[in-house]
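A.B. asks:
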């Protein structure tokens, strides 16, 4: 009986390790795709807390410009 219980505890630990690994890989993928934008936003937030609001405004402005550019794209018709 003790071996069966120990086996189930080991199985649960393995499942948790797999879940943590999947979450870590997803976080790495997200930071790989959006790393520059996240870095700019975090940098802007720290400068805002330090008293410099211009960095936050420039980060928000560049994001708005990117969204406006995407809205203006027209689909290519064949």
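In my numbering, the protein residues as written are 22 to 99. Yeah, the Cβ is synthetic: ideal placement off N, Cα and C, and Gly gets one too.
#1: In the structure shown, what three-state DSSP assignment does residue 71 receive?
#2: For residue 53, count the other beta carbons within 10 Å of its own beta carbon; 16 or more makes it buried, fewer makes it exposed. Which is it?
#3: Any idea if residue 101 is buried or exposed, counting beta-carbon neighbours within 10 angstroms, 16 or more meaning buried?
C.D. replies: Let's see:
#1: helix
#2: exposed
#3: Only positions 22 to 99 of the chain appear in the structure, and residue 101 is not among them; the question remains open.
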